[in-house]
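Visitor: In this note's numbering, the protein residues as written are 752 to 1076.
Think of the CB as a built atom: it goes at the ideal place given N, C-alpha and C, for glycine as much as any other residue.
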Ligand code: ASP
């Protein structure tokens, strides 16, 4: 259905997608434009393309995931690729050793793209240095989650027609969130005004260096915003206690009708999932079909992952040329 469009190497001249940091506005627009072309295809009865025919994609997840793994699996299959899922528990193993061993074992099976999620920041880059295939970062510790930021950007761009000139408030556990980091890099690169809103314990020191404005009061942080991104408390990454109680956290930082009223009257609500209702967001606003983009984000996720897999596959050297003079 989809003919190969080998402009990837020119417009996105990289072997991997390890993070958003360092990408140019043109490279980001290119990935978003390519994603856009898959939104319609995914709504048809026949969703199948063939640009990944013959390609093997391995989802290698050292950390739990439901939506990201499923999304990459669907994306690979919808483009005709073969997709294998591997979940690896890190609980009782020496992580560094196992990571490299696993990478080398998989490498020997000639995959074309590895999608890797790991609880340690930097682990995916380390793995990418050891393998011959392309690597997509599916989330590494509190570092980056590039496809989440791309799908968020696609969702915003489709709804608002642009990214520049908008004001986006990212609220909640900024300190431990890879979603926050990737979104900050992407949005500031695209000319969006970014605010972060959190209790002081969940705001990284000197966060303003990333070109964002920091707030510790929700109503002040949300005033005049176009988009509100809520984040889950990343308790699995917390060492110690960062909030006095869930009840108090929801009272001051949970998004409800009352706090939402501080934003623009047509402000839209986003959340990367999984959502903790009653902790960072109230059901009434999460389920408001006029304001919440949460389901649309999931839909855009598949289109974005199709685009990323396809572009990286286009950039791979042709194996039949490997031994050519
Ligand atoms: N699913 C996102 C992530 O993997 C957000 C979250 O888990 O809170 O980072």
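Mind reading off the beta-carbon distance from residue 1099 to residue 838? Whole number of angstroms is fine, and I expect it under 8 Å.
Guide: The chain is shown only over 752 to 1076; residue 1099 falls outside these bounds and no answer can be derived.
Visitor: To the nearest angstrom, report how far apart residue 1031 and residue 781 are at their CA atoms.
Guide: For residue 1031 and residue 781, the distance between alpha carbons rounds to 33 Å.
Visitor: Ignoring anything shorter than 3 residues, give me the beta strand (DSSP E) runs that lie fully in the region 840-888, in order along the chain.
Guide: The qualifying runs are 864-869.
Visitor: In three-state terms, what does DSSP make of residue 1077?
Guide: Lying before the first or after the last residue shown, residue 1077 is absent from the chain, which here runs from 752 to 1076.
Visitor: According to DSSP, residue 829 sits in a beta bridge with which residue or residues?
Guide: Per DSSP, none; premise fails for residue 829.
Visitor: Do you know offhand how far residue 920's Cα is from residue 1013's?
Guide: Taking the straight line from one Cα to the other gives about 12 Å.
Visitor: Would you mind sorting residue 1048 into buried or exposed? The rule is 16 or more other CB atoms within 10 Å of its CB.
Guide: Per the 10 Å Cβ criterion, buried.
Visitor: Report all residues from its chain with a CB closer than 8 Å to the CB of residue 1066; omit the five preceding and five following residues, and keep chain order.
Guide: Correct list, in chain order: 759, 760, 763, 764, 765, 766 and 885.
Visitor: Which same chain residues end up closer than 6 Å to residue 943 when comparing Cβ atoms and leaving out the 5 residues on each side of it in sequence?
Guide: Within the same chain, residue 943 has close Cβ partners 914, 917 and 919.
Visitor: Tell me, which residues are paired with residue 987 by DSSP?
Guide: Answer is none; residue 987 lacks a bridge partner.
Visitor: Using the three-state DSSP reduction, which class does residue 1033 fall into: helix, strand or coil?
Guide: The answer is coil: DSSP assigns residue 1033 none of H, G, I, E or B.
Visitor: Rounding to the nearest angstrom, what Cα-Cα distance links residue 842 and residue 869 in this structure?
Guide: Low per-residue confidence applies at residue 842: pLDDT is 48, beneath 50, and the placement is therefore not dependable enough to give any value.
Visitor: Does the region 897-908 come close enough to the region 768-788 to have 3 or more Cβ pairs within less than 8 Å?
Guide: Counting Cβ pairs under 8 Å, three or more are found: they touch.
Visitor: How far does the beta strand (DSSP E) with residue 981 in it reach, from first residue to last?
Guide: That run of the beta strand (DSSP E) goes 978-981.
Visitor: Quick one: residues in its chain with C-beta nearer than 6 Å to the C-beta of residue 823, no 5 flanking neighbours on either side, listed in chain order?
Guide: 810, 866 and 1056, listed in sequence order.
Visitor: Does the distance from the CB of residue 967 to the CB of residue 994 come in under 9 Å?
Guide: Contact: no.
Visitor: Taking its Cβ as the centre, do 16 or more other Cβ atoms sit within 10 Å of residue 1076, making it buried, or is it exposed?
Guide: Model confidence at residue 1076 stands at a pLDDT of 44, short of 50, so the residue's coordinates are unreliable and nothing is read from them.
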